[in-house]
Amino acid sequence: QVQLVQSGGGLVQAGGSLSLSCTASGIALTFRTIYWYRQAPGKQRELVATINRDGSRNYADSVKGRFTISRDNAKNTVSLQMNSLKPEDTAVYLCNTISGGSAYWGQGTQVTVSS
-16 QVQLVQSGGG LVQAGGSLSL SCTASGIALT FRTIYWYRQA PGKQRELVAT
34 INRDGSRNYA DSVKGRFTIS RDNAKNTVSL QMNSLKPEDT AVYLCNTISG
84 GSAYWGQGTQ VTVSS
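To convert, note that position 24 of the sequence shown is 7 in the numbering used here; the numbers rise steadily by one, no gaps.
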């Protein structure tokens, strides 16, 4: 059974930092494309960061230069380091991967940035 379990997040003041982790069981994240999305109330889900199978990374313009996605193969974990956080980064963050035609999601983690 595939599970993605998220940790991290919380409440931080604007300008602060938070880190999110997404740890997989039942599936190896190595050589898989992993996505971090976020969803704020009343807004569409937004793709924030991607780490591709070859290790290359992509970021939404809104987070470029502030967020970093990384993968730790030994821990079967993908992390999202978020620096210089802004109130508009407030959202539920979700990790995602696709395997065998099925999409797997983490449980979601609330990130709240106060002004």
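A virtual CB, placed ideally from N, CA and C, is assigned to each residue, including glycine.
Setting aside the 5 residues that flank it on each side, asparagine 35 is surrounded in the same chain by Thr16, each with a C-beta closer than 6 Å to its C-beta; the list follows chain order.
CA-CA distance, serine 97 to asparagine 59, rounds to 31 Å.
According to the DSSP assignment, glutamate 29 belongs to the beta strand (DSSP E) that extends over 29 to 34. Assignment of beta strand (DSSP E) within the region 40 to 95, counting only whole runs of 3 or more residues, yields 40 to 42, 50 to 55, 60 to 65, 74 to 82, 85 to 88 in chain order. One thing to note: alanine 57 has its Cβ no nearer than 9 Å to the Cβ of arginine 21.
If you draw a straight line from the Cα of threonine 92 to the Cα of arginine 49, it is about 19 Å long. Nearest C-alpha to arginine 28 among Asn79, Pro70, Leu63, Ser0: Asn79.
Bounds of the beta strand (DSSP E) holding serine 4 are 1 to 8. Leucine -6 is a Cβ neighbour of threonine 95, given a cutoff of 9 Å. When Phe14, Gly83, Asn66, Thr6 are compared, the shortest CA-CA separation from leucine 77 is found for Thr6.
The DSSP-derived three-state label of glutamine -16 is coil.
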